[in-house]
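Data block below; observations after.
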Amino acid sequence: MTTPVMPTYGRLPVRFSHGQGAWLFDERGERYLDALSGIAVCGLGHAHPALTAAISEQAGRLIHTSNLYAIDNQERLAQMLVDLSGMDSVFFGNSGAEANEAAIKIARATGHARGIDVPRIAVAEGSFHGRTLATLSATGNPKVHAGFEPLVQGFVRFAYDDIEALEKIAASDGDVVAVLVEPILGEGGVVVPRSDYLVRLRALCDQHNWLLMLDEIQTGMGRTGRWFAHQHADVLPDVMTLAKALGNGVPIGACLARGAAAEALKQGSHGSTFGGNPLACAAALAVLETMRSDALVERAQARGERLREQLSQALRGLNCVREVRGQGLMIGIELDRPCTELVARALDKRLLINVTAERVIRLLPPLIIDDEAIDHIVASVRELVSEWNAGE
Ligand SMILES: Cc1ncc(COP(=O)(O)O)c(C=O)c1O
5 MTTPVMPTYG RLPVRFSHGQ GAWLFDERGE RYLDALSGIA VCGLGHAHPA LTAAISEQAG
65 RLIHTSNLYA IDNQERLAQM LVDLSGMDSV FFGNSGAEAN EAAIKIARAT GHARGIDVPR
125 IAVAEGSFHG RTLATLSATG NPKVHAGFEP LVQGFVRFAY DDIEALEKIA ASDGDVVAVL
185 VEPILGEGGV VVPRSDYLVR LRALCDQHNW LLMLDEIQTG MGRTGRWFAH QHADVLPDVM
245 TLAKALGNGV PIGACLARGA AAEALKQGSH GSTFGGNPLA CAAALAVLET MRSDALVERA
305 QARGERLREQ LSQALRGLNC VREVRGQGLM IGIELDRPCT ELVARALDKR LLINVTAERV
365 IRLLPPLIID DEAIDHIVAS VRELVSEWNA GE
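Here our numbering = 1-based position in the sequence shown + 4.
Given below as structure tokens:
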């Protein structure tokens, strides 16, 4: 079927009509296990009654006013986020890229305030930060840049999980003001850095007066078994960005800042028409309250361990499997060769997965997932990878 929608996405041949918990249903009523959550978005799964009620109630009262006026839900949400994170203040937008744009502007404003004409931000190879011009320029993947040059200037690249690479930049470039980095590379292949990486990054940033800016758009909101992935390492960033699971699918992004970074954007220097409107914030408030009341962060930690252990066991002995890795319910299975076609094969088995960095099967199931669904994922992935291993 042809469609006037721009062909920017390679779409799989399925249309979903509704969802329930960790399951999605197509137009014929066929059931699929969602082990991807709309790429780390639907942490509460689909059609969660608390979220549905909060959205319906708010939609029936007030959807949008403008940031010209005070917004109760926005202030409450900001307070909850700073309480959970130890940050000082929040700017709300509508997506991950928009949250990172705010972070980039904070870094540049900080640099200009220090008298640096072309302030630079250090960014990692293999990273992904979004598709707007500034965030695609920050992204460490040439495929994302291709066709959109000239890139936005002011980024320097370093090898991920390599502190010495950053020390070299520190020694040679006095105009760097910030490091923007994912605590775990998501699109880059679920790459978990060494356990002391963030602590060493924090120390390096302190030494050189750089802002530590963590992109927690994929890793945040309980996904890795902590509210935010950096909390595994007991460090505090200066800036943190969130989106994806914050609204469980209702578009909302947030840029949180602390200390001097929280003072960098002044009145009139940044804005977003829809950012933090009453509806989006009602959804995010319901997400946070449900995550807290149902202990979903702890659940992600426990279920993630179980899923990783079961996968490791089930895939043991299959030559094509290089590694099963991850944290909490952010899991990557690296194979020995490109395997993007496994996404379509999994769909045939009624399992929704994704492949990143060409050879890493990525699993991001909802945080509400139960043991039965975990067993189902393990059995389906085992079948899928066994067939692949046998060259079928
Ligand atoms: C780590 C990270 N940063 C930023 C983004 C961009 O978010 P959005 O697509 O909401 O703009 C993504 C999306 O995949 C992401 O994973």
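We put the CB at the ideal spot given by N, CA and C, even for glycine.
Query raised in the report: Is H149 near ligand 1, judged by its Cβ being under 7 Å from some heavy atom?
Result: no
**Report entry** Member of I381, V347, R363, N323 whose CA lies at the smallest distance from the CA of P17
**Finding:** V347
Query raised in the report: Just how far apart, CA to CA, sit H380 and R363?
Result: 22 Å
Report task. Have a look at E191 and K109 and give me their C-alpha separation to the nearest angstrom. Result -> 23 Å
Query - Burial state of P241, where buried means 16 or more other Cβ atoms lie within 10 Å - result: buried
Report task. Can you check DSSP and say which residues form a bridge with T136? Result -> T136 is not bridged to any residue.
**Report entry** beta strand (DSSP E) runs wholly inside the region 79-117, at least 3 long, in chain order
**Finding:** 93-97
Requested in this report: Verify whether the separation of the beta carbon atoms of E105 and T143 is less than 8 Å.
Outcome: no
Query raised in the report: To which residues of the same chain is I373 closer than 7 Å at the C-beta, ignoring the five residues directly before and after it?
Result: A26, R307
Query raised in the report: With 16 as the cutoff for other CB atoms within 10 Å, does M334 come out buried or exposed?
Result: buried
Query raised in the report: Between the region 342-356 and the region 29-40, are three or more C-beta pairs nearer than 8 Å?
Result: yes
Query raised in the report: Hey, would you say V160 sits closer than 8 Å to R124, going by beta carbons?
Result: yes
Requested in this report: Look at the alpha carbon of C209 and the alpha carbon of S93, and state the distance between them as a whole number of angstroms.
Outcome: 20 Å
Query raised in the report: Whose CA, out of S199, V239, M225, E327, lies closest to the CA of L216?
Result: V239
Query - Nearest candidate by alpha-carbon position, reference N71, set G251, Q271, H234, A249 - result: Q271
Report task. Check whether the Cβ atoms of Q78 and G224 lie closer than 8 Å to each other. Result -> no
Query raised in the report: Taking the C-alpha atoms as reference points, what is the distance between R112 and H236?
Result: 29 Å
Query raised in the report: Between E302 and R296, what straight-line distance do the alpha-carbon atoms span, to the nearest angstrom?
Result: 9 Å
Query raised in the report: Does DSSP put G151 in a helix, a strand or coil?
Result: coil
Query raised in the report: What are the residues that DSSP puts in a beta bridge with H457?
Result: Given a span of 5 to 396 for the chain in the structure shown, any question on residue 457 remains unanswerable.
Query raised in the report: Can you tell which of P369, E102, M91, A54 has the C-alpha that lies nearest to the C-alpha of H262?
Result: For the sequence presented, residue 262 should be read as Arg rather than His. Minimum Cα distance to R262 is reached at M91.
Report task. Would you list the residues sitting across from F159 in a DSSP beta bridge? Result -> I125
Query raised in the report: Does DSSP classify N281 as helix, strand or coil?
Result: coil
Report task. Taking only heavy atoms of ligand 1 into account, decide whether any of them is closer than 7 Å to the Cβ of F132. Result -> yes
Query raised in the report: Looking at the structure shown, is Y201 part of a helix, part of a strand, or coil, going by DSSP?
Result: helix
Query raised in the report: In angstroms, rounded to a whole number, what distance separates the CA positions of V385 and R312?
Result: 12 Å
Requested in this report: Going by CA-CA distance only, name the one from A394, L260, G251, V196 that's closest to R329.
Outcome: V196
Requested in this report: Give me the Cβ distance between R366 and G336, rounded to the nearest whole Å; I'm assuming they're in contact under 8 Å.
Outcome: 6 Å
Query - Under the three-state DSSP convention, the category N323 falls into - result: coil
Query raised in the report: Which two residues bound the contiguous alpha helix (DSSP H) that contains V385?
Result: 375-393
Query raised in the report: Taking F48 as the reference, which of A138, T344, I120, T294 has the closest Cα?
Result: According to the sequence shown, residue 48 is Leu rather than Phe. Of the candidates A138, T344, I120, T294, the one whose C-alpha sits nearest the C-alpha of L48 is T294.
Query raised in the report: What's the C-alpha gap between A82 and L184?
Result: 22 Å
Query - Residue(s) in a DSSP beta bridge with I335 - result: G330, L367
Query - A299 versus A175 - alpha carbon distance - result: 45 Å
Report task. Ignore the nearest five residues each way along the sequence and tell me which others in I75's own chain have a CB closer than 8 Å to its CB. Result -> T69, G280, N281, P282, C285
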